[in-house]
Each structure stands twice: as C-alpha cells, then as structure tokens.
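Inspection log for the structure reproduced underneath, given as structure tokens.
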Amino acid sequence: MSKRKLFVPGSRDALNEMKARISGADRPSDAKFEAAREVGVPLQKGYNGHLSAAENGRVGGQLGGKMVQELIKIAKEEMDRN
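What follows is the structure in structure tokens.
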C-alpha cells in the first residue's frame, strides 16, 4: 500500500473499497491482481521482480484510470444534484 498522504484524511478505507468494487475483486488487496489479469500481466502474490516497468504501469494505469473515471462520475452526479 502506498504511503502517500491523502487529500482527505480518513478516506483511505473508502478508496480501497471503491478500488475493490471497480476491479470486481472481493477484497481491496486483490484488486491489483484482478487488474493484472484484465491486462494480461502475470502478477503473483509475493515477489514480482521479473515484471517490467511497463507491465507494472499497465496494472496501475488500469486500476487508477478506472478509479479516476468513477470519481469524475460521482462529481458530475453531485454537481447535477446541486
């Protein structure tokens, strides 16, 4: 898990739940494996030093891109309500 500071303190759990929901994983910790499967990257539990930066980027991009799309959708819905 990244140690980056979140813009909204305390939002980590909600973001992790969204990550799991978007990826179709049962648990947030499995989201990256589901994203890797979707893009054809052989990510395994444990050591993955054999993967290239490009492969890791595809996994992160798949997950991050879907999360950004979902956050934009939520923001648009919120703006439409107001």
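Numbered per my numbering, the sequence shown finishes at 85, counting up by one with no gaps. Glycine included, every Cβ here is placed at the ideal spot set by N, Cα and C.
In the displayed model, Pro45 falls within coil according to three-state DSSP, outside both helix and strand. Taking 8 Å as the cut-off, the Cβ atoms of Lys22 and Met70 count as close. Contact annotation: the segment 57-64 touches the segment 35-46, with at least three C-beta pairs closer than 8 Å. A residue is called buried once 16 or more other Cβ atoms fall within 10 Å of its Cβ, and Leu74, having fewer, is exposed. Counting the other Cβ atoms within 10 Å of the Cβ of Ser32 gives fewer than 16, which makes it exposed. Check the Cα spacing between Gly64 and each of Ser26, Glu20, Ser14 and Arg15: the tightest is with Ser26.
Straight-line spacing of the CA atoms in Glu80 and Ala39 works out to 29 Å. Cβ neighbours of Lys76 within its own chain (closer than 6 Å, five residues either side excluded): none.
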